[in-house]
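For reference, the structure is listed below as structure tokens.
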Amino acid sequence: MKIQNYALVYEPAALADGVFVGPAAVLTNDRNPRSVSADGQVKGGDDWTAVGVVVEEGASLGARSVCVAPVRVGRWAMVAAGAVVTRDVPDYALVAGVPAKRIGWVGRAGVRLEAKDGEADVWVCPETGLTYVRDCADRLSERP
Numbered sequence: 006m007k008i009q010n011y012a013l014v015y016e017p018a019a020l021a022d023g024v025f026v027g028p029a030a031v032l033t034n035d036r037n038p039r040s041v042s043a044d045g046q047v048k049g050g051d052d053w054t055a056v057g058v059v060v061e062e063g064a065s066l067g068a069r070s071v072c073v074a075p076v077r078v079g080r081w082a083m084v085a086a087g088a089v090v091t092r093d094v095p096d097y098a099l100v101a102g103v104p105a106k107r108i109g110w111v112g113r114a115g116v117r118l119e120a121k122d123g124e125a126d127v128w129v130c131p132e133t134g135l136t137y138v139r140d141c142a143d144r145l146s147e148r149p
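Numbering-wise, the sequence shown is residues 6 to 149 according to my numbering.
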């Protein structure tokens, strides 16, 4: 795991092996933050329940990206710099924007996958040659 300068990772975040958290990325722990309750009383530590961001094996969070808990960033997924993640990110997905949306797929090398000619729903990493298959639920997995 590698956490770069100025990144903020708030409990109860869970980071798996091989995760990269870019400079100034933020993993929040409160979906609806308020310093006071609806009746104007200052909130204490027991007045809310922390929720976490889960970042799965090998995933990368780009510089200044924000993950608004509770969300899961899937295995080997990549969140672009400056993206704001408000929904779960599938394994191997490349997401960007505010709010973050899937714009492609990446493999274990972090390189954008290319569609394999003549084979629907098959993707290839131009760097490693590994092949990935998309299922009917729009999820990607490595082809054995």
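Backbone N, C-alpha and C define an ideal beta-carbon position, used for all residues, glycine too.
Residue 115 to residue 66 span [Cα, whole Å]: On the sequence shown, residue 115 is found 110 positions in, with the first residue counted as 1. On the sequence shown, residue 66 is found 61 positions in, with the first residue counted as 1. The straight-line gap from Cα to Cα measures roughly 11 Å.
Cutoff 8 Å; reference residue 92; Cβ partners in own chain excluding five residues on either side: Numbered from its first residue, the sequence shown carries residue 92 at position 87. Taken in chain order, the residues that qualify are 76, 104, 105.
Is the beta carbon of residue 111 sitting closer than 8 Å to the one on residue 81? Along the sequence shown, read from residue 1 onward, the residue named residue 111 stands at position 106. Along the sequence shown, read from residue 1 onward, the residue named residue 81 stands at position 76. Yes, these two residues count as a Cβ contact at 8 Å.
If you run the structure through DSSP and keep just helix, strand and coil, what is residue 65? Reading the sequence shown from its first residue, position 60 is the one you call residue 65. Here residue 65 sits in strand by DSSP.
Best match in 120, 132, 95 for proximity to residue 142 [C-alpha to C-alpha]: The residue given as residue 142 occupies position 137 in the sequence shown. The candidate whose alpha carbon is nearest that of residue 142 is 95.
What is the DSSP secondary structure of residue 128, reduced to helix, strand or coil? For the purposes of this step, residue 128 is identified with residue 123 of the sequence shown, where counting begins at 1. Reduced to three states, the DSSP call for residue 128 is strand.
Closest by CA to residue 20, which one among 54, 50, 48, 61? Stepping through the sequence shown from its first residue, residue 20 is reached at position 15. It is 61 whose Cα lies nearest to the Cα of residue 20.
Beta-bridge pairing of residue 145 - partner residues as DSSP gives them: Residue numbering aside, residue 145 sits at position 140 when the sequence shown is read from its first letter. Beta-bridge pairing links residue 145 to 139.
If distances are taken between C-alpha atoms only, which option among 35, 101, 119 comes closest to residue 133? As a position in the sequence shown, residue 133 is number 128, starting the count at 1. Closest option to residue 133, Cα to Cα, is 119.
Residue 54 classed as buried or exposed, judged by whether at least 16 other C-beta atoms fall within 10 angstroms: Working through the sequence shown from its first residue, we reach residue 54 at position 49. Flag for residue 54 reads exposed.
CB of residue 86 within 8 Å of CB of residue 98, strictly: Looking up residue 86 in the sequence shown gives position 81. Looking up residue 98 in the sequence shown gives position 93. No, these two residues do not count as a Cβ contact at 8 Å.
CA-to-CA distance, residue 14 to residue 27, given in whole angstroms: To locate residue 27, count along the sequence shown from 1; it is residue 22. To locate residue 14, count along the sequence shown from 1; it is residue 9. Approximately 11 Å, taken between the alpha carbons.
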